[in-house]
Amino acid sequence: MARYITKRLLLIIPILFGITLLNFGIMHLAPGGPAEAQMDFSAKASAEARQRLRKLYGADQPFHKQYITWLKKFLTLDFGEAFADGRKVKDKILESLPITLKINILALTLIFLIAIPIGVLSATHQYSLIDRFVTVFVFVGFATPSFWLALLLIYVFGVQLGMLPISGIQSLDVSAFTPWQRFMDQAEHFILPVFVSAFGGLAGISRYMRNNMLEVLRQDYIRTARAKGLPEVMVFYKHALRNALMPVITIIGFAIPGLIGGSVILETVFGIPGMGRLFFEAALQRDYNVVMGILAPGAVLTMLGNLLADIGYAFADPRVRLGQE
Amino acid sequence: MKKISVPGSTVQQFLKNRLAVAGGVLVVGMLVVAVLGPLVYPPDPTAIDVKNILNGPSLSHPLGTDELGRDVLARMIGGAWISLLVGFVAVGIATVIGVVMGSIAGYFGRIVDTVIMRAVDIMLAVPTIFLILAIVTILKPSIWIIMAVIGFTTWMEPTRLVRAEFMALKEREFVVAERALGASDMRIIFRHILPNGISPIYVSATLGIGAAILVESGLSFLGLGIQPPTPSWGSLLASGRENIEIAWWLSVFPGLAILVTVLGYNLLGEGIRDALDPRIRGMNG
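Quick look at the structure:
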């Protein structure tokens, strides 16, 4: 097991290296490099600021030297300062990341709590009314733009019914609240974003769960279990479910980039000050340091998610870890 | 469970699948709207009318007007054209890259394969929308940039699919025989393996069009996609968001158009997958 984990960890290093190269390459797509591009966006930049930027990027040096200088800073988590307000990019990320994580973890939990039973139900009742309904729901869910769903929910629950707040993560007068009120206040603000965030994954994972379950139900050991006279309930929930659940673990890994990526649009629609919105605003203002500062940690998070999923899978299924050695 | 494949059975199989046929109808229907729509419904999608700002649906404006008094239906028809154009071109780019990369990686193996697959891993590790936003930040967004960027950030799946086909096919007898006869690598790749391994690409390309339309509408919604005055479903929704308290029609109809179109391509893609894959035939029959 330790060998398997070490191997997977070592594999991350070249990928991370590639990502930094990709990041840096993108920055240099801009004519004249990031320093120049930054200039024509902000006409107010003084000659002194221009000089500082040139120095920051070492714009007068050849590409590979610039890359190494930049990489060194990057590795020490020095992403520079945001152009917009001069604050450290690292600080801006650290204060917005927890909000994004909170919403995504809640969404993931919701996805699994709902999608797994739905998937199992529609597999054990294949072709039934429930199964057909779930199939239609899955296709519609896949095709629904999250921001449109968000708009509709804001319209119905926020504008028409006035039941839920439509933006932000807390009320204005939150400082006067008791801890319980504060909790409820936050919960109210989180309901819609978490639901919308979970919605897309719900469709994918319930479909996946259904197909796994159907696959497993065709296996010989299920036939054996039935042949020895086990009641169907035992066959389904003891033998089939366990084996069908395993591949779902890896899906968590694949779901993470989607969720993090989705947070850009979601946080913008709901006015949530998370990493997604930080990224979006930086993109609008062409604030390179922030954009690049988020890209790399975002990728690290994604890969950690994949790694955790693989490790979880290896724990659950001995064939995976033995096959690797 | 396994059925014997007879000529024409793929098409028959497809036609028996009601969901797939429904998908085909939606796809064709939306193509017709995009191409013939402007002829049947002539109002100019960019004509500003300050006297009729944010009017609800009426006889003269069936789906209402936007914040500049432009006709929403006309803008949606224009948006259909833009969405399909972006979808087709972006997927075309991604598929060409994917087929080339996947063929090379799968056929030659070894170091070439390692390099290409690491590149795929790198691209998959960065959330696509982040990558797209970062690029759009630097290159000013235009419809061509959007198509190219979506294409260049979604080639990983076709690459993987084609590679897997090549790895499975390259040791097969007909390939080995061809090699023994002295055929060049290029000939083996393009004349013999590719035609036999192309079918998963039909599926991924069809699903890819739906996905590309979702990405484009999301970007346009954020204001980083198709730029005004060119109509697009995403930017219509953006004005819907700004006027959510007074103009529901701006939020409802363009989103429905996206949903229906993407649904069509997804159903069609899944239908093609089922029809091509003999193992799961009979499951959806």
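Heads up: the sequence lines are chains V and Y, in that order. Converting from the first sequence to my numbering requires adding 6 to each position, the first position being numbered 1. Converting from the second sequence to my numbering requires adding 47 to each position, the first position being numbered 1. Note that CB positions come from ideal geometry on N, CA and C, so glycine has one too.
Distance between beta carbons of residue j and residue i, contact taken as under 8 Å
i, j, result
"Y:I185", "V:I25", "Not confirmed; about 17 Å, so no contact."
"V:P199", "V:F276", "5 Å"
"Y:P92", "Y:R65", "35 Å between Cβ atoms; not a contact."
"Y:I169", "Y:A259", "Actually they are not in contact, since the Cβ atoms of Y:I169 and Y:A259 sit about 21 Å apart, beyond 8 Å."
"V:N217", "V:V254", "Incorrect: roughly 11 Å between the Cβ atoms, too far for contact."
"Y:L314", "Y:G134", "With 8 Å as the limit, Y:L314 and Y:G134 do not qualify as a contact, their Cβ atoms being about 15 Å apart."
"Y:V146", "Y:P205", "6 Å"
"Y:E317", "Y:A67", "7 Å"
Contact set between residue i and chain Y, taken where Cβ atoms lie within less than 9 Å
i, result
"V:M309", "D168, A172"
"V:A320", "Neighbours of V:A320 on chain Y: none; closest Cβ ~18 Å, over 9 Å."
"V:V222", "Within 9 Å Cβ-Cβ: nothing; V:V222 doesn't reach chain Y, min ~15 Å."
"V:A315", "Here the premise fails: no neighbours, minimum Cβ distance about 13 Å."
"V:V270", "P174, I176, F177, L180, G265, L269"
Extent of the continuous alpha helix (DSSP H) to which residue i belongs
i, result
"V:G24", "8 to 33"
"V:H195", "185 to 223"
"Y:G149", "119 to 155"
"V:S181", "No alpha helix (DSSP H) contains V:S181, which DSSP labels as neither H nor E."
"Y:Y249", "246 to 269"
"V:R292", "Careful: V:R292 lies outside any alpha helix (DSSP H) and carries neither H nor E."
"V:Q72", "69 to 81"
"Y:A304", "295 to 323"
"V:L112", "95 to 130"
"Y:I182", "175 to 185"
"V:T141", "135 to 149"
"Y:V82", "65 to 87"
"Y:W191", "190 to 199"
"V:D226", "226 to 233"
"Y:T206", "203 to 216"
"Y:P286", "Pro is not the amino acid found at residue 286 of chain Y; the sequence shown has Ser there. Counting along the chain, the alpha helix (DSSP H) containing Y:S286 begins and ends at 280 to 289."
"Y:S107", "Element bounds for Y:S107: n/a, residue is neither H nor E."
Which listed residue (the options) has its alpha carbon closest to that of residue i
i, options, result
"Y:S189", "Y:L271, Y:A285, Y:S105, Y:N243", "Y:L271"
"Y:R207", "Y:T142, Y:V262, Y:H239, Y:M233", "Y:T142"
"V:I19", "V:A305, V:V162, V:R224, V:L159", "V:A305"
"V:K79", "V:M215, V:F30, V:A90", "V:F30"
"Y:L306", "V:G125, V:S152, V:F89", "V:S152"
"Y:M77", "Y:L303, Y:R320, Y:G318", "Y:L303"
"V:L155", "Y:V136, Y:L323, Y:L284, Y:V72", "Y:L284"
"Y:D291", "Y:V58, Y:D113, Y:K187", "Reading the sequence as shown, one finds Ile at residue 291 of chain Y and not Asp. Comparing Cα-Cα distances from Y:I291 to each of Y:V58, Y:D113, Y:K187, the minimum goes to Y:D113."
"Y:T201", "Y:A172, Y:E212, Y:L216, Y:E289", "Y:A172"
"Y:V183", "V:L159, V:D179, V:A288, V:M7", "V:A288"
"V:H245", "V:R224, V:F183, V:Q72, V:S269", "V:R224"
"V:G206", "V:M7, V:G264, V:I136, V:I21", "V:G264"
Within chain V, the residues that residue i reaches when beta carbons sit closer than 7 Å
i, result
"Y:V309", "A149"
"Y:T17", "As shown, chain Y starts at 48 and ends at 332. That puts residue 17 of chain Y outside it, with no answer to give."
"Y:L78", "Residues of chain V passing the Cβ test: none, with the nearest at roughly 17 Å."
"Y:S264", "P151"
"Y:L261", "P151"
Closer than 8 Å at the beta carbon, the chain Y residues around residue i
i, result
"V:P263", "L171, A172, V173, P174, T175"
"V:T130", "Neighbours of V:T130 on chain Y: none; closest Cβ ~15 Å, over 8 Å."
"V:T82", "Correct list: empty, because the minimum Cβ distance to chain Y is about 21 Å."
"V:Y161", "I291, W295, S298"
"V:V275", "R288"
"V:A90", "Chain Y residues near V:A90: none, gap ~13 Å exceeds 8 Å."
Per-residue contacts from residue i into chain Y (C-beta, under 7 Å)
i, result
"V:F242", "Residues of chain Y passing the Cβ test: none, with the nearest at roughly 19 Å."
"V:A204", "In chain order: nothing, as chain Y lies at least about 17 Å away."
"V:I21", "R165, D168, I169, A172"
"V:L114", "Neighbours of V:L114 on chain Y: none; closest Cβ ~15 Å, over 7 Å."
"V:L301", "V173, F177, A181"
Contacts that residue i makes with chain V (C-beta to C-beta distance below 9 Å)
i, result
"Y:N313", "F145, F148, A149"
"Y:I129", "Under the 9 Å cutoff, chain V gives no residues; its nearest Cβ is about 15 Å from Y:I129."
"Y:G302", "T150, P151, F153, W154, L155, L157, L158"
"Y:L284", "P151, F153, W154, L157"
"Y:G257", "F148, A149"
"Y:L83", "None at all; the shortest Cβ gap to chain V is about 23 Å."
Listed by chain order, chain C residues near residue i by CB distance under 9 Å
i, result
"Y:R207", "The structure shown contains no chain C; the protein chains it does contain are V and Y."
Is the stretch 116 to 126 of chain V touching the stretch 243 to 260 of chain Y, taking contact as three or more C-beta pairs under 8 Å?
no
Is the stretch 230 to 245 of chain V touching the stretch 201 to 212 of chain V in the sense that three or more CB pairs, one from each, lie closer than 8 Å?
no
Notebook entry, point to check: Is the stretch 189 to 198 of chain Y in contact with the stretch 216 to 226 of chain Y, if contact means three or more CB pairs nearer than 8 Å?
Noted result: no
Count Cβ pairs between the stretch 250 to 257 of chain V and the stretch 267 to 275 of chain V that sit closer than 8 Å; are there 3 or more?
no
- Using 8 Å as the Cβ pair cut-off and three pairs as the minimum, do the stretch 102 to 112 of chain Y and the stretch 151 to 163 of chain Y touch? no
* Would you say the stretch 122 to 131 of chain Y touches the stretch 275 to 284 of chain Y, given that touching needs at least three Cβ pairs under 8 Å? -> yes
| query | Using 8 Å as the threshold, is the stretch 87 to 107 of chain V in touch with the stretch 186 to 195 of chain V, meaning 3 or more CB pairs across them? | reply | no
(Q) Under 8 Å: do the stretch 83 to 98 of chain V and the stretch 278 to 294 of chain V share three or more Cβ pairs, one atom per stretch? (A) yes
Three CB pairs or more closer than 8 Å across the stretch 237 to 244 of chain Y and the stretch 73 to 89 of chain Y
no
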